[in-house]
Amino acid sequence: MTDQTILAGRLMPAPGAERMGSDRIFVSDYVLAIEIGVYPEEQGVRQKVRFSLEAWMAPTVHASHDQIAEVPSYDDLVKAVDAVVSVGHINLVETVAERIAEHCLADRRIAGIKVRVEKLERGPGAVGVEIVRHARR
-18 MTDQTILAGR
-8 LMPAPGAERM
2 GSDRIFVSDY
12 VLAIEIGVYP
22 EEQGVRQKVR
32 FSLEAWMAPT
42 VHASHDQIAE
52 VPSYDDLVKA
62 VDAVVSVGHI
72 NLVETVAERI
82 AEHCLADRRI
92 AGIKVRVEKL
102 ERGPGAVGVE
112 IVRHARR
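Encoded structure:
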């Protein structure tokens, strides 16, 4: 993802980029067995799903005093995934990604989030979705 776009021949910041700092936290390759899928063979079974998240901090967020309360933690991202998948069966990976993004963006210290959700047991390799969402404040 880039933080710039070309508009009418001019290099412009991407929508929402002005509200994001350059500091990021991430969680990569977090794998859970969850109930997901719209097809009959996916009902009532668990599938391995990999989650990767990258969150951009708001420009004012800094660990100035070496205190965990000053910044969002990668643990917060893991908790967001856990909270979303704990509700039970969800049909679409897109729904899972949207709910995780919404959960993370509820933290005002997070200005933007990239969420990647991959089903590991469908298709020849991993299949899924990746979304990028910005806080609207």
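Numbering (our numbering), first residue to last: -18 to 118. All residues carry an ideal CB built from backbone N, CA and C; glycine is no exception. No experiment lies behind these values; they were computed from the predicted model shown.
**OP:** Using the Cα positions of Glu23 and Asp10, report the straight-line distance between them to the nearest angstrom.
**Re:** 22 Å
Original post:
DSSP beta-bridge partners for Ala14?
Top reply: Lys29
Subject >> Bounding residues of the alpha helix (DSSP H) (the contiguous stretch that carries Ala50) >> reply: Careful: Ala50 lies outside any alpha helix (DSSP H) and carries neither H nor E.
Original post:
CA-CA distance, His43 and Pro53?
Top reply: 10 Å
**OP:** Output the boundary residues of the alpha helix (DSSP H) element that contains Ile81.
**Re:** Val74 to Leu86
Original post:
Which two residues bound the contiguous beta strand (DSSP E) that contains Ile71?
Top reply: It is not in any beta strand (DSSP E) - Ile71 carries neither H nor E in the DSSP assignment.
**OP:** Please say whether Leu86 and Ala39 have beta carbons closer to each other than 7 Å?
**Re:** no
Original post:
Are the region 45 to 59 and the region 68 to 77 touching by the rule of at least three beta carbon pairs closer than 8 Å?
Top reply: no
Original post:
To the nearest angstrom, how far is it from the Cα of Val26 to the Cα of Leu73?
Top reply: 14 Å
Original post:
Buried or exposed: where does Glu51 fall if 16 or more other Cβ atoms within 10 Å of its Cβ makes it buried?
Top reply: exposed
**OP:** Could you check what DSSP says for Glu22 in three-state terms: helix, strand or coil?
**Re:** helix
Subject >> Spatial distance of Gly69 from Arg118 (CA atoms) >> reply: 31 Å
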